[in-house]
Every structure is written in C-alpha cells, then in structure tokens.
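Heads up: the structure comes next, in structure tokens.
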C-alpha cells in the first residue's frame, strides 16, 4: 500500500493509558492506572426496570433515528442540574454528545486550524491532548500550583499569545492532578478571556464528586459574554458505558457544535438518552452521587494515609477534595516510566505523568486512581509502590 | 463575540434533510423525506428480554468504559456476517462505530487535507458530503447510469486526477438514487483503485435489504491489496436508534480508524454493543431482515405502480431492487425545490435532489423514501405529488 494519509495523522498516536488498560486487565494486577468509576455503584436494578418501561411505552422512539441536538427531556434535566453549579441556560443551549470526549473533539474541529495556539493547564487531560492533536495545534502550557492554573502566568501567556484560539481548563479535581481552581482564579480567568475575546473550554466531568469542602461555582457561572463552553458528562456520576455527555454554550457557539455533531454521527443513541432521562426523573441522582462520593472519600483517604506511611519523604502528592485521582511528584531525575517498569514486576500499575504534558518535557510525576480499587488493594498496592520507590 | 473559528467551519452547513425532518414531524404531513426504517419491525419485545438478561448477567461490564475497538463477540458476529457478502476478515479487522456516519467522518479525518480531491458518484449521499466537507476537499463527481458509476467516466476522472485521496461509492441501492452497481463494474472499480493505489470507501448500509434479484458480492470482496474500507451498519437491518455501525479494513488502515475513534469518543456505548450481540446470538437476524424486506418490497411496488399511474409521462424514476429510496427525474428546467413548496401546501414532503450533487448544479431531481410510509399514505401522497406535477 502506498496510500497517502492526511498530514494530521503524523501527529496522532494511540493513548498510552488505553494501551496500559489492556495490560492491567490481568486479574492479579492492582491497577491505579485507569479512570474507571466504581462499578459497584452502577444502578443495575433500576436500569432493568427503566429499560423495560421505556421499551413498553416508547419502544419505537427509543430505537428510531432522533434529532441531532438530543432528547428534549434529558436536555431539560441537564439545564436544571446546571443551576447547582451556578449556570442558568435553556435546554436549547445544550447538545447531547457521546461522552464529554466528543465535546473535546468537536471543540478542536470548530476552532482549530493547523498551527493555531491553545492554552491549557500544565499538566492536562491526556484525552484532550489526543483530541486536540488531531487538529495540529501548538499547546501553550500554563503552570499550576495546588490552587489550579496560576493567573499571573496566564496573563503573561496571553500577552505573548493574544491570538490563541481557546483556553482549555478542568477546574474541579483536575485530571491528572486532582487539583481545584480556586474561586478568585475562576473569576479572573473569565475576565482575561473577555479581555482577549478568547473562548474557554471548561471541561467539568468531576465537579459533582466533591467529598471535602464546599462546591465552587463553575467557570461558566462567571461568563458574561457567552465565551465559556461547558462540557459535562454522566460518565462519572451515572454510567460511563452509556456514553452520555453534553455541551452547554451560547446559542451562536452551540449551533456550530450541533452542525459538527450532525456530520460526525447524526445523534447520540436515542435509547441510551431516554434511559438516562428516565433514571433521573424517577430516582434522585444526588442521592446516587452521595453514595459514590462516600466510597471515593474512603478510598482517597486510605490512599493518602498509606502514601504518607509508605512513600519516601521526598515524594509529594495532591490532597484532592473530590474526583478520582491524586498526582505524585517524585524527586527530580526519577523517571516515572522506570518506576512503572519496576512496579509492574510487583503487579502494580499506574500512569506515568509524562504524557499529560503536551510538550512532553517532565517525567518525574505519576497519576494514581483510587476510585476503582478495593480498600485492600489500595493498601497493598501503595505498599508495593512504596517499596519500589525506596529501592530506587 | 469576535471569536475566530477554524476555516473549515465556513464550508459546513446544516443538512437540509435534517431540517426538513423537523418540518415533517407534523402528524398530518405525508413524508417521503427521511430515510427512516419502518419502526413496526423494531424487535421491541426481544430487546426487553435481552436488556434484562444483560443487566442481570453482566451489568457492570455493560455500564463501564470499554475498549475502543468494540465488544469482541459483536465483532465476531459481524466478521461472520460479512462472509455473506464475500468478505473474509477477522474480528481484528473490525472497529465498532456510532453508526456508519461516524465511519464517514473518520474517513475524512484520516485521508483529507484541505484541497484534496475525492471521487464520488454523482449524485451521492448527503451525509457523506457533509462529513467530508468538514475536511475541505474538492469533490470530483463521476456520472452514473442505472447500473451505477460509469467506469469509462471513472477512468477518465482518474487519468485527470491521479492524486485523488479516495473513491467513495455506495454500491447497493444507492442513497439517493436506489441504483445498484453491477458486478463487472465492481471488479473494474477495484482494478482501477489498484492501478492508481487509491483507497475505496465502500459505504454499504442497504446491501442486506435486497428484495428483487440476486445478491452481489461487495466491492470489498474483490479487494486484493487491502485498499477497500468497508463501512457497515445495523441501522437499517436492526435499529438505528442504537447507533451501531462498523469499519472493516486491512489492519494497517484499521489501526488509523481505531486511533481516531479513541480521540473522538473513546468507544461506542458498551451496553448497546452487548445488546446487539445478544440479539444476534439468540435470534436469527436473517429472519428479521426477511420481514423488513417483505414490507419494503410491498411499499416500493406500491410507490412505483402509483407513480406510473399518477406522474406525468415526462417524469422518470429508478426501479430499485432493494433499499429505501427511489429517485425521480423531472423534466429539465423543473426545480425540485419549487415542487417541494407546492407539495408542502398539499402536506406532502420529499427531499429535493440538488443537495446530493456536491458541486450543486442539478435541480430537477428528487428522492422519495418508501420504507417509512403506510400503504395508504404512499398512494395518497404520490397522488397529491402527481397533481402538483401535472399542475406545474
């Protein structure tokens, strides 16, 4: 074959995490690698009842083609839920997507020409890096501290790159760091976006999973000029396997997302959208989320406490107030990929942090997931990891 | 807002069909506009049983994240079914997509730089035009007759444009024309693709819906060099609302599709994939398809017979041997968009043919769908349409 591919294919590569996930499917590996929710909280019995009811009452609708923008009752439920985060939008401002990953891909498609600049936290979500990379941008990374993206750094970055196409941010319990952007920075971020007239892509899959402290309003809450595109998902609060996310945005922007959705896959599964809407009508999603948070809080505490005991003192880590991840900083010079090799010998897996830096120059970090490991495995896995680190 | 979008957004527009579908949702409109399967054949009762069983037996798996390539038992079933069309591939050559529309978008993403040429039938599927347009290609149209794309025309086109990135073809009961490419042309098409080393995107959503004559092998059957990418779907043979399609291709090509899938939406809904696989394991899909075909045959015959009686003699139309559509040619100078305006006054809808020509220069055609109209509505709708045509 002497086929010529598009130029963009040269920069794309398969996600190392997804490749890792395959490795860690062996049952004797203790894996902190993925970002999987705890399956024991999936509402299996409730869904059995609901799917039967849907097929009885509106089977033809659930199995037929549907409109691109998505099932209206589901968009109404989402619009209502967004008020908890201080966002007031109509269902017409919402497009249902196949997970929030699709919202990331669409954002790249809508905004990016090859060579365009995008501004993001350093480090940032690997899935976003992969989605955007297909559109061949330059990633401009902005340093973070424990309070999220540093606004003084962002100011400098914007002054240097006023032509950036958008700012990508994960404000709550960021993937991979577990850090949360504080209130003042959220306000300032929107002020700066307004000043430069640059859209913000707010990726917020974890905001509802806060188990310590008070909920903060979304970045979108501070949006005065319709510049913030909010990406949401039920993957972490309900079930990822259904693949239901959404884009919430000003109508001028949402119209572009709708058009792109239409050309990409027509619409998200009607059946699955109706299932989500019925579940949230019949059951209390907040009650369901409360159970998930309780589990994650316990696992997070156990992981943090065990790391304190078992890791060498020169290893630092985030104390996340919600979400699924903590982020470990090894001493400079330690390569997390080397740590992983040794850890896999002891049947423990995690994701080395290097890939979360779009320009790929930092190697002494790793991401640990606690949402999908049993308490016994958290203690045992962290002990083994501590042993590896002390031996190195 | 002074936001700058990607250049590609200038060429994209919303599908007129999807906009039309909204119009025709009024219950008193007789619509031949969409491409909807007959919902009375959706296996609602069977799915009730299956969804309950899946949630009982593998609820956690059905609701959890899954691998990008798709549910292995479903890929095995698809690999086996493809042998009916003369295609012998392993499940590893198959990627599950969210409908075959997603396979079209991915094909654009994988092959097209702005300005690249693609060769297609004239007219061709509007959803493909929309999907590819996002990648800013030049469409080079090849004339068809009742036996499909004319190979002498394709030869000339390839000689003029040897740098074309791919050839896009819908061999069976093409959308919009209902025409089928004959056996000799399928062979010749692959010979030409080999000669120029140009991939063929074979879009085959309707092949299994043949109700007259003998099934022809797929274009992919003749593929000797791994140049044919086959796009399939269960939207027309099972349920479109589940959004299950697939890409079947040589491993070197499929690896690109897998990578793009991962960046676009991680994977297709696990639950929905397992449902499809369970249905096809427990029930006989061919038996199910036989019922659908019988209905479509009856409706097609009724539409054709009524057109013969009611349409002016200077209107020609395709006699499809399967699929969902017939294609009407009005006398030159008649604008189908004008016919539609008058038809809507009489509460009949269809899709004017102009949008199916990517370079948009032909206006005296229309596409009529018969799969989703009752027999009474077919007779009444075609009568009204005949009246409009005679009055013009």
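Protein chains in written order, with this note's numbering: chain A, 1 to 392; chain B, 1 to 392. Backbone N, C-alpha and C fix where the C-beta goes; we use that ideal spot for every residue, glycine too.
Contact with chain A is found for residue 243 of chain B, since one of that chain's Cβ atoms lies less than 8 Å from the residue's Cβ. Residue burial is scored here from C-beta neighbours: residue 294 of chain B has fewer than 16 other C-beta atoms within 10 angstroms and is therefore classed as exposed. Remark: fewer than three beta-carbon pairs, one from each stretch, lie closer than 8 Å, so the region 255-267 of chain B and the region 301-312 of chain B are not flagged as touching.
Apart from sequence neighbours up to five positions away, the residues of its chain that approach residue 350 of chain A with a beta-carbon distance below 6 Å are 32, 33, 366, 368, ordered along the chain.
The C-alpha of residue 92 of chain B lies about 8 Å from the C-alpha of residue 75 of chain B. With 16 or more neighbouring CB atoms inside 10 Å of its own CB, residue 235 of chain B falls in the buried class. At a beta-carbon threshold of 7 Å, the residues of chain A lying near residue 111 of chain B are 5, 6, ordered along the chain.
The Cβ of residue 59 of chain B sits closer than 8 Å to at least one Cβ of chain A. Residues of the region 35-47 of chain A that bring their beta carbon within less than 9 Å of a beta carbon in chain B comprise 35, 36, 37, 39, 40, 42, 43, 44, 45, 47, in sequence order. Counting C-beta pairs closer than 8 Å gives three or more between the region 174-187 of chain B and the region 320-338 of chain B, which meets the contact rule. Counting only runs of 3+ residues, the beta strand (DSSP E) found wholly inside the region 60-129 of chain B occupies 94-97, 117-122, in chain order.
The beta-carbon distance between residue 8 of chain B and residue 265 of chain A, rounded to whole angstroms, is 17 Å. This is too long to meet the 8 Å contact definition. According to the DSSP assignment, residue 233 of chain B belongs to the beta strand (DSSP E) that extends over 228-233. Here residue 366 of chain A carries a strand assignment [DSSP, helix/strand/coil]. Three or more Cβ pairs closer than 8 Å define a contact, and the region 186-203 of chain B meets that threshold against the region 142-161 of chain B. DSSP places residue 260 of chain A in the uninterrupted alpha helix (DSSP H) bounded by 251-265. Residue 142 of chain B has B/121 as its beta-bridge partners, per DSSP. Your pair residue 165 of chain A and residue 129 of chain A does not check out as a contact, with CB atoms roughly 15 Å apart and the cut at 8 Å. Within the model, the alpha-carbon separation for residue 184 of chain B versus residue 361 of chain B is close to 29 Å. Counting every other CB atom within 10 Å of its CB across the protein chains shown gives residue 392 of chain A a total below 16, marking it as exposed. Closer than 7 Å at the C-beta level to chain A, one finds no residue of the region 355-389 of chain B. Looking at the DSSP output, residue 316 of chain B bridges to B/329. DSSP places residue 169 of chain B in the strand class (E or B) of the three-state scheme.
The beta carbon of residue 262 of chain B sits closer than 8 Å to those of 68, all from its chain and outside the five residues before and after it, given in chain order. Residues 11, 12 of the same chain have their beta carbon placed closer than 7 Å to that of residue 133 of chain A, with the five preceding and five following residues left out of the count. The beta-carbon distance between residue 364 of chain A and residue 331 of chain A, rounded to whole angstroms, is 7 Å. This is short enough to meet the 8 Å contact definition. Of all C-beta pairs linking the region 202-210 of chain B to the region 220-233 of chain B, three or more are shorter than 8 Å, placing the two stretches in contact. For residue 46 of chain B, the closest of B/233, B/239, B/73, B/352 by C-alpha to C-alpha distance is B/239. Within chain B, 36, 240, 241 have C-beta atoms less than 7 Å from the C-beta of residue 65 of chain A, given in sequence order. As DSSP reads the structure, residue 202 of chain B sits in a beta bridge with B/169, B/230. For the options A/310, A/96, A/61, the alpha carbon positioned closest to that of residue 380 of chain A is the one of A/310. Relative to the Cα of residue 139 of chain A, the nearest Cα in the group A/153, A/120, A/148 belongs to A/120. Looking only at A/53, A/40, A/123, A/316, the smallest Cα-Cα distance to residue 282 of chain A is reached by A/53. The DSSP-derived three-state label of residue 210 of chain A is strand. Residue environment analysis places residue 271 of chain B among the buried positions, since at least 16 neighbouring C-beta atoms fall within 10 angstroms of its C-beta. Spatial neighbours of residue 375 of chain B in its own chain (CB-CB distance under 8 Å, excluding positions within 5 residues in sequence) are listed in chain order as 298, 299, 302.
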